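Quick note: the sequence shown uses our numbering, first residue 192, plus one each step. The beta carbon of each residue, even a glycine, is placed where N, CA and C say it ideally should be. Remember, predicted model here, so these are calculated numbers, not experimental data.
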Amino acid sequence: MNKYFVFILFLSFQMILPQQYFWSGNGTENDFFDEENWVNYSTNQEPNNDIFSPNSPIEYELYLTCEININQEVILGVNGKIVVIQGEFNADKISGEGEIVLHESSYINLTDDYPISEGISIKFNSSDAMVVLTNTETSEAFYYYDDNTFYENQPIFYPQSLRIDNYYENGSVLRPNSSASQLTVYSEFNLLGNILNIDTGSTYNDEIIPSQFVNNISSFTLNRGYMVTFAQNSDGTGKSKVYIASEERIEINQLPSFLNNDISFIRVVPWNWVSKKGTAGDIDYLNNSWFYRWSNTGEADLEREYAPMAWGKGAADDENDIDIIKNKYKSTHVLAFNEPDDCNGQSGQYGDMCVVDTAVTYYKNLLKTGLRMVSPACRQGAVFDWLVDFNNSAIQQDIRIDVIAVHWYDWAVNPQSSPNANPQDVFNRFANYLNQVHNLYGLPIWITEFNANRYRNEWVHRQFLELALPYLDNLDYVERYSYFPPNNGVANLFDENGNLTLIGNIYNDFESEKSISNDYLIQNNNLDYTQYENDYEYECYSDDVFLSEGNLIDKIGIKIYPNPSSNILHISSEVDVVELKILDLNGKIILNPLPSNKVDISRLKNGIYLLKVNNSFIKVLKN
C-alpha cells in the first residue's frame, strides 16, 4: 500500500510541475535547440524530437550549466524558465513570458538592443550572478527592467538593491547591489587552510580582520565583476596591489612574496566597465561612460561613472575626506591633486602642496580609500621632474601609484606664434609626449586634460582631435582620456544655445573602446612591476552538475536509499563523502549538513530536491 502511495505521489509532482530538462551537451553540436543536448529530469532520457523549436514558445524548465552559445532568439512561454547554475548563457535575446533564474557564478549575455521582453521576470538567487546586455544602454535597462527584477523572489530596485552598471560605451550590467562576499581568502597556498569571506564595500584592517588572518593570508579567489586591494599596513600603505576580475574570475594560488602572510588591509568594490572616453567636468550628452570634476562632490548616474578627485590638501587631510570618497557609488578610482607642481596656482599654491614631501604626505591618506590610485596631474613638463621626485619619494615610503595622470596643451613649442599650426605636427608631438611618459613610468596613463592649445584656431583643434581620438583608443597603455576645451571659447563642445559644435559632434560621435580590455588585471604599480598570472582555469562538466541516480551509480558508485524518504537518507559510496548539501530545484542551498553517510531530511517540505554528494547531484523525493 505504501509503495503505491509513493508512486502516486511521485507522479503527482510530475503532473504539477512543468517538465524539466537539464543540459547534457551530448549532441553533436553545442545547439540549444538540439534535443540530444537535453535530458528529461524525471526519466533521464533525451526528449522527443522537435519539442524545441526556434520559432515556438518553450513551456519547459531548462537547467543550464557550462557555457552555451546561441546566436538567435529564445522564446519562453508562460511556464517557460531558463535556470543557469554555474554557467554562462550567450544569446541574441530572450522574449515571451516566463522566468530567467541565475544562481551562483551564473551569467547571461545578450546582444540584441531589446534583449529581454518586459513580461519575463529576472530572478537572481546569488549575489555574484550577472545579466550583461551588450547593446542596451543603462537608461534603457532601467526603463525596461527596474520593476521586474528579483533577488531570492523579493523585488529589487535601482540603486538601493539593484545595480545597473555600465558595460563600456553602449551596454549595461544588471546584478544585485549587495554587500555579500565576493572575495575568499585562505591561510595557506593553493586555496587551502582556514577560510575567510570578505564583505564587499567594507574596509578590513587589522582591527576588523579576525586575528587568525592578520598577516596570515596566502591565496584567494575573487569573483568576476569585482576589484580588490591588498596592502601590508592597516592604513592601505606599504607594499600593495590591486586585482581586477573584469570578465573572468581570479584565483591566486600563491600571493606575491611581499604580500604573503603580510596583509593588514583589504577592500573589495564592484567593478564598473567603462570606455576610454570621458569628460573633464560633469558634462552629459557626449556618449561618455565616465567623468570627473575638480573636486570630490560629483555623483555617478545611470550613464556614467564618477571618478572623485582630491583637488588639494583640503580634500585629503582628514577621515571625512576619505569617507566621502569611499561612499561614492560606482567609483573605482581616486584622482590625486590638480597641478600641485604650480606653487603660484592651482592646488600647489595652498598648504605647501608644491613641496613634494608635503604632497606625498597627503596623498598617503588617500590610500585608505582602497581604490585604484591615480597620480597627481601636473602641468605638461612637470611630469618629467616634479612628478619624478614625487614618485621616488612614494617608492621610498612604499606608497602605491597605479596610474599616471597627465595634462597636455602643446606648450613646449611657443604656440602663441603658430595659430595655424599643422595639426599633424601637433598630434605627433602629443603622441611622442605620451610615449616618453610611458617609457619613464611604465604605468597606464589617464589624460585628464588635453587640447591643441588655446592659441590655435578651431580648425587646428578639430583636425587634431580627429587624429588623436582613434590613436588614443588604440594605444594600449592609455586607459582613459578627457578632452578639455580651451577657456577662451575657440574650441568648445557646445555653442551658446547648448547645441553640439563641430568639435562637439566629433567627440560625441566617436565610439570609444574598452578602458581595460583584459579579462582580468593583476595591476603592476610603482612598487612592483612583476607580471603575474591568474591561476583560474575554466572547467565545466555538465555531468558533475546534472546527474540522475542511475548514471551516478554507474559512474562513481554512489547509492541513495530509501528514495523517496520521509526522514533519513542513507548514502552508500565507494568514495569518502567530503561535501554534502541539499538544494531545491532552483539550486538554492536548503541544508548544509556535516559530511557523513546519512542526512536527516525530516524538516524539509515534501517535494523533489537535489542532493549534492561531493561534486555530483542526485534527485531525491521527500514524502
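Tell me whether residue i sits in a helix, a strand or coil according to DSSP, three-state version.
i	result
residue 711	coil
residue 334	helix
residue 376	strand
residue 515	helix
residue 388	strand
residue 325	coil
residue 614	helix
residue 402	helix
residue 420	strand
residue 704	coil
residue 571	helix
residue 606	helix
residue 795	coil
residue 453	coil
residue 738	Since pLDDT at residue 738 reaches only 44, below the 50 mark, its modelled position is unreliable, and the value read off the structure follows with that caveat. Residue 738: coil per DSSP, three-state reduction.
residue 287	strand
residue 682	coil
residue 578	helix
residue 761	strand
residue 565	strand
residue 790	strand
residue 226	helix
residue 442	strand
Where do the ends of the alpha helix (DSSP H) carrying residue i lie?
i	result
residue 524	First-last for residue 524: 524-526, but that is the beta strand (DSSP E), not the alpha helix (DSSP H).
residue 693	693-700
residue 553	547-557
residue 662	649-665
Which same chain residues, not among the five before or five after residue i, have their C-beta less than 6 Å away from its C-beta?
i	result
residue 352	368
residue 635	594, 668, 670
residue 408	376, 454
residue 284	264, 301, 303, 306
residue 210	251
residue 606	644, 646
residue 574	597, 628
Tell me whether the beta-carbon of residue i lies closer than 9 Å to the beta-carbon of residue j.
i	j	result
residue 441	residue 623	no
residue 364	residue 419	no
residue 256	residue 275	yes
residue 223	residue 320	no
residue 233	residue 464	no
residue 643	residue 617	yes
residue 701	residue 661	yes
residue 292	residue 260	no
residue 609	residue 641	no
residue 461	residue 521	yes
residue 722	residue 716	no
residue 762	residue 789	yes
Looking only at its own chain, which residues have a Cβ that is under 8 Å from the Cβ of residue i, when we skip the five neighbours before and after it?
i	result
residue 795	773, 781, 782, 813
residue 335	305, 307, 309, 327
residue 370	390, 391, 392, 393
residue 551	581, 584, 585, 588, 590
residue 719	430, 432, 447, 449
residue 416	319, 321, 364, 366, 373, 436, 437, 461, 462
Looking at the unbroken beta strand (DSSP E) that takes in residue i, where does it start and where does it end?
i	result
residue 302	Note, residue 302: premise wrong, no beta strand (DSSP E); not H, not E.
residue 813	807-813
residue 367	362-367
residue 312	312-315
residue 264	264-267
residue 356	353-358
residue 371	Segment: none, residue 371 is in no beta strand (DSSP E) and carries neither H nor E.
residue 211	211-214
residue 520	Where residue 520 is concerned, there is no enclosing beta strand (DSSP E), given that its DSSP letter is neither H nor E.
residue 672	669-674
residue 229	229-231
residue 773	771-774
residue 780	780-782
residue 410	410-413
DSSP has residue i in a bridge; who is on the other side?
i	result
residue 599	641
residue 481	469, 496
residue 583	None, per the DSSP bridge assignment.
residue 257	278
residue 460	418
residue 719	716
residue 436	417
To which residues of the same chain is residue i closer than 7 Å at the C-beta, ignoring the five residues directly before and after it?
i	result
residue 332	324, 355, 363, 365
residue 792	756, 758, 760, 773, 813
residue 396	425, 455, 456
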